[in-house]
Every structure is written in C-alpha cells, then in structure tokens.
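Residue numbers (the numbering used here), protein chains in the order written: chain R, 3 to 118; chain S, -3 to 108. Beta carbons are placed, not taken as given, at the ideal position from N, Cα and C, and that holds for glycine.
Right, here's the structure in full:
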C-alpha cells in the first residue's frame, strides 16, 4: 500500500460527459501529480500541484483541469469526454518540489476510465 | 512525448534465470527510478538512483545509474513467478518540478 488513495477505481461514462477523479496523497506529502496511462502512449505526465498551487503542466488537454484543496487532496476534472480519453489515470504524491531534494513519487492504484 | 528508450519491450524467461533491462536517453537525468506495475495496479517503486555511477540493490534487484547520466539498467537475479509484470524506468531532470518521464515498459513473463 503506497498510502496514495484514488477514487473511484472504475468509471464508465458516455461521450460528452464530465467526470471527476479524486486523489488523497500520502500523509505529509505536499505534491500531487496526475498521469494518464493508455495502451499506445504509456505513462504521460499531465499536471502537478504543490501545496495548492499548480506547479507544472505536461500533456494535459484543455478539456481537463485539476485542483488541489487546502487539505491537499486533489481532483482531476475531465470534460467533453471522447472515446480516446479511455485510460488509466494515476495520481502520485511526493514530499517536495524539485529544490535539489531527491524524493520519489508514490503512485495510487489508479482510476480506470472507460468512455463509451 | 516519451524521451526514454526502454528495452527490451518484452521478455520470456525460465524461472531461476537472471534478467536485464535498460533505459537510454538523449537527455541527462538527475534521478533514475525503476517501477513495477502489476495488472490493474499502480506502479510500485523498486529502486531509486541519485548519483551517476551509483549501484543499488533491493533484494534480488540491482540497478545502476549510468556514468553519462543518460542511461540506467535493472537486473533481476534468480527470477521467480511473482516477478511477472511490467517494469518501467523513469527519469527526473533538474528543474523539472518532479514530473517523471517514463520509458515504455518491459513486459516480463516468467515461465515455470
């Protein structure tokens, strides 16, 4: 158990809909990262939050957004869903930003999103 | 897109055999991480490497951070059935705000 909790585990929804994925980081971790894993793209970094603020953006579509709340949990919002958005979405957490401190990222079990 | 070349893509080995996989990049990384992912689960961290030339072991697993900082390898000795899974390398660059760049994974199958 990594200590990172993601809900729901599975989600099936129709095209055009909007969903929210939730992540609770490990206790004490301030950074939350979201990754998308699809069969043909592997693990792709989407976005990072540190202590409530957006810190870095990767390959995240404009239809997707995220936020991190004061209690440090994070939500990833996916809207106007398309069939190609079907993937595993992982949240990871670590205890610092990159300030010369080497820390690892620990992953949750993921949310499997299926868009039909 | 991904910048790490991971090989091999898949391996079929007999139980008890040793396994080696590697990652290379055209970019320099400050940290190399190796993860294992079981079906339906998130990646689990196996080994973290922080310095060029560093050799680190975790049980039957050994990983090295290449001297050029552009590559890393993972060895698994005396493989067992529970080693089955997908192994990912991941690299972290300085100033990258800790977003990992992942390799495409090595699917390991251990035959009894």
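Run through DSSP, which three-state label would residue 104 (chain R) get?
Here residue 104 (chain R) refers to the residue found at position 102 of the first chain. Here residue 104 (chain R) scores only 49 on pLDDT, less than 50, and its place in the model is too uncertain to base an answer on.
Is DSSP giving residue 109 (chain R) helix, strand or coil here?
Numbered from 1 along the first chain, position 107 holds the residue referred to as residue 109 (chain R). Taken through DSSP and simplified to helix, strand or coil, residue 109 (chain R) comes out as strand.
With 8 Å as the C-beta to C-beta threshold (strictly closer), list the residues of the region 32 to 51 of chain S near chain R in chain order.
Answer in chain order: 36, 37, 38, 39, 40, 41, 44, 46.
Please list the partners that residue 107 (chain S) has in chain R, where partner means a Cβ-to-Cβ separation under 9 Å.
Numbered from its first residue, the second chain carries residue 107 (chain S) at position 111. Scanning chain R for C-beta atoms nearer than 9 Å to the C-beta of residue 107 (chain S) yields nothing, as the closest lies near 24 Å away.
Please list, in chain order, the chain R residues whose beta carbon lies closer than 9 Å to that of residue 29 (chain S).
In the second chain, residue 29 (chain S) corresponds to position 33, counting from 1. Near residue 29 (chain S) (Cβ distances below 9 Å), the residues of chain R are 106, 107.
Contact set for residue 7 (chain S): own chain, Cβ-Cβ below 8 Å, skip 5 residues either direction
On the second chain, position 11 is the one that residue 7 (chain S) refers to. Non-local beta-carbon contacts of residue 7 (chain S) in its own chain, meaning distances under 8 Å to residues more than five positions away in sequence, involve 15, 17, 102, 103, 104, 105 in chain order.
Going by the CB atoms, is the gap between residue 85 (chain R) and residue 39 (chain R) shorter than 8 Å?
Here residue 39 (chain R) corresponds to residue number 37 of the first chain, with the count starting at 1. Here residue 85 (chain R) corresponds to residue number 83 of the first chain, with the count starting at 1. Taking 8 Å as the Cβ cut-off, residue 39 (chain R) and residue 85 (chain R) do not qualify as a contacting pair.
Identify each residue in the region 28 to 45 of chain R for which the Cβ-Cβ distance to at least one residue of chain S is less than 9 Å, and report them in chain order.
Closer than 9 Å at the C-beta level to chain S, one finds these residues of the region 28 to 45 of chain R: 33, 35, 37, 39, 43, 44, 45.
Inter-stretch contact (C-beta, 8 Å, three-pair minimum) for the region 24 to 38 of chain S and the region 52 to 71 of chain S:
A contact between stretches requires three or more CB pairs, one per stretch, nearer than 8 Å, and the region 24 to 38 of chain S meets this requirement with the region 52 to 71 of chain S.
For the region 79 to 90 of chain R, list every residue whose C-beta sits within 8 Å of some C-beta in chain S, in sequence order.
Residues: none.
Look at the alpha carbon of residue 104 (chain R) and the alpha carbon of residue 5 (chain R), and state the distance between them as a whole number of angstroms.
Taking the first chain and counting its residues from 1, the one referred to as residue 104 (chain R) is at position 102. Taking the first chain and counting its residues from 1, the one referred to as residue 5 (chain R) is at position 3. With a pLDDT of 49 at residue 104 (chain R), under the threshold of 50, the predicted position of this residue should be treated as unreliable, though the coordinate-derived value follows. A direct Cα-Cα distance of roughly 19 Å separates residue 104 (chain R) from residue 5 (chain R).
With a threshold of 8 Å between beta carbons, is residue 58 (chain R) in contact with chain S?
One-based indexing of the first chain puts residue 58 (chain R) at position 56. Answer yes: the Cβ-Cβ gap between residue 58 (chain R) and chain S drops below 8 Å somewhere.
Taking only beta-carbon positions, decide if residue 92 (chain R) is within less than 8 Å of chain S.
By 1-based counting over the first chain, the position of residue 92 (chain R) is 90. Interface with chain S (8 Å Cβ-Cβ cutoff): residue 92 (chain R) is included.
How should residue 62 (chain S) be labelled, buried or exposed, when 16 other C-beta atoms within 10 angstroms of its C-beta is the threshold for buried?
Residue numbering aside, residue 62 (chain S) sits at position 66 when the second chain is read from its first letter. Looking at its Cβ environment, which holds 16 or more other Cβ atoms inside 10 Å, residue 62 (chain S) is buried.
Leaving aside the five residues before and after residue 50 (chain R) along the sequence, list all residues of the same chain whose C-beta is less than 6 Å from its C-beta, in chain order.
The residue you call residue 50 (chain R) lines up with position 48 of the first chain. Hits under 6 Å: 35, 57, 58.
Does residue 66 (chain R) come within less than 8 Å of chain S when only Cβ atoms are used?
For this step, residue 66 (chain R) is matched to residue 64 along the first chain. Judged by the 8 Å Cβ criterion, residue 66 (chain R) is not in contact with chain S.
Flag this pair as yes or no: are the beta carbons of residue 24 (chain R) and residue 75 (chain R) separated by less than 8 Å?
Counting from one through the first chain, the residue named residue 24 (chain R) turns up at place 22. Counting from one through the first chain, the residue named residue 75 (chain R) turns up at place 73. Yes, the Cβ-Cβ distance between residue 24 (chain R) and residue 75 (chain R) is below 8 Å.
Cα-Cα separation, residue 87 (chain S) to residue 113 (chain R):
Mapped onto the second chain, residue 87 (chain S) falls at position 91. Mapped onto the first chain, residue 113 (chain R) falls at position 111. Straight-line measurement puts the Cα of residue 113 (chain R) at about 23 Å from the Cα of residue 87 (chain S).
Looking at the structure shown, is residue 73 (chain R) part of a helix, part of a strand, or coil, going by DSSP?
One-based indexing of the first chain puts residue 73 (chain R) at position 71. Shown here, residue 73 (chain R) sits in coil according to DSSP, grouped into three states, outside any helix or strand.
Is it buried or exposed, residue 49 (chain S), if we count other Cβ atoms within 10 angstroms and call 16 or more buried?
As a first step, residue 49 (chain S) must be located in the second chain, where it is residue number 53. Classification for residue 49 (chain S): exposed.
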